[in-house]
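Engineer: One rule links them: number in our numbering = place in the sequence shown (from 1) + 289. Attaching a single structure in structure tokens format; questions to follow.
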Amino acid sequence: RVLRAGAGLDLAALFEEATPHKQRKGERKRSRAAPSEGGLAPEQRTAEQRTAEYRLEIGCGGGEWVAAQAEAAPSHVRWLALELRRDRAHATAAKLALAGRRNAATLSASASDALERWIPPES
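The following block contains the structure:
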């Protein structure tokens, strides 16, 4: 899926599907508290989400490079592919989905907006 630029982008929430929680017999279903900024509340994140290392590719084009990097990456590494052109962002998302790469997501936005609004300065 391609995410459109908008308020409340939460990197950990982008990869929530990549770490599904299987309910065990007798286990209560997790409740979802309302997150503060459009993503998962910090206490809802799994240990894997809290320790994940995020990497960014700016201008991913058709996604060949980021797909290869996501495939070769260790399990704790998450890739965010950033592309201004929506057709290329969709091509990247399709390539990642068909390859089964659940440790990568695609964002369609300008790099300057994304870096200013959603990527922490200390990262």
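Using N, Cα and C, we set each Cβ at its ideal position, and we do this for glycine too. It should be emphasised that the depicted structure is a prediction, and the values quoted were computed from it without experimental measurement.
Distance, Cα to Cα, Ala-378 vs Lys-384?
Structural biologist: Cα to Cα, the separation comes out at about 10 Å.
Engineer: Can you tell me whether Ala-398 is buried or exposed? The criterion is at least 16 other CB atoms within 10 Å of its CB, across all chains shown.
Structural biologist: Burial call: buried.
Engineer: Can you say whether Ala-403 is buried or exposed, counting buried as having 16 or more other CB atoms within 10 angstroms of its CB?
Structural biologist: Looking at its Cβ environment, which holds 16 or more other Cβ atoms inside 10 Å, Ala-403 is buried.
Engineer: Assuming Leu-373 and Leu-345 make a contact with CB atoms under 8 Å, what is their CB distance in whole Å?
Structural biologist: Not a contact, Cβ separation roughly 14 Å.
Engineer: Pick helix, strand or coil for Leu-369, following the three-state DSSP scheme.
Structural biologist: If DSSP states are grouped into helix, strand and coil, Leu-369 belongs with the strands.
Engineer: Given a cut-off of 8 Å, decide if Ala-341 and Arg-390 are closer than it, judged by their beta-carbon atoms.
Structural biologist: No, they are not a contact pair.
Engineer: From Val-366 to Gln-358, what does the alpha carbon distance come to, in whole angstroms?
Structural biologist: If you take the alpha carbons of Val-366 and Gln-358, they lie about 10 Å apart.
Engineer: Excluding the 5 residues flanking Ile-430 on each side, which residues of the same chain have their C-beta closer than 8 Å to its C-beta?
Structural biologist: The question about residue 430 has no answer here: the residues shown for the chain are numbered 290 through 412.
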